[in-house]
Amino acid sequence: MRSIHGQLSDNQPIRRTMEEKQKQLRTLKETLAGMKSHTAPALRESMTKRIVQLEAELRAAPVLKSSAPKTEPRQRPRRNTIRVL
Numbered sequence: 336m337r338s339i340h341g342q343l344s345d346n347q348p349i350r351r352t353m354e355e356k357q358k359q360l361r362t363l364k365e366t367l368a369g370m371k372s373h374t375a376p377a378l379r380e381s382m383t384k385r386i387v388q389l390e391a392e393l394r395a396a397p398v399l400k401s402s403a404p405k406t407e408p409r410q411r412p413r414r415n416t417i418r419v420l
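This note's numbering numbers the first residue of the sequence shown as 336 and each following residue consecutively.
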């Protein structure tokens with residue numbers, strides 16, 4: 336069955352908030368620390384890579400927020416008045 340364009344099953348990255356990313360980072364670190372010695376090295380490597388990636392995203396987030404252009408509040412458009420004669 337094909338998905339409709341824009342459907343959640345499309346191949347799109349999942350957008351996460353800062354809190355969700357921090358929670359995911361904590362969970363990954365706990366999982367990595369709790370792994371047994373016989374766990375596959377590829378799994379350890381992929382988890383370590385994701386942890387580094389999340390830490391970089393979290394470090395860059397405050398910089399991106401402060402460098403974003405500040406928008407001034409827009410003024411309401413003037414209404415043309417209709418005069419009835």
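All residues carry an ideal CB built from backbone N, CA and C; glycine is no exception. Since we're looking at a predicted model, the values are computed, not measured.
Length of the line joining the Cα atoms of residue i and residue j
i, j, result
"residue 378", "residue 407", "48 angstroms"
"residue 363", "residue 384", "11 angstroms"
"residue 365", "residue 372", "15 angstroms"
"residue 356", "residue 393", "8 angstroms"
"residue 433", "residue 367", "Absent from the model: residue 433. The displayed extent of the chain is 336 to 420, so no value can be given."
"residue 369", "residue 375", "13 angstroms"
Boundaries of the alpha helix (DSSP H) in which residue i is found, first to last residue
i, result
"residue 352", "Careful: residue 352 lies outside any alpha helix (DSSP H) and carries neither H nor E."
Top-ranked residue by Cα proximity to residue i, from the options
i, options, result
"residue 361", "348, 380, 390", "390"
"residue 386", "358, 409, 411", "358"
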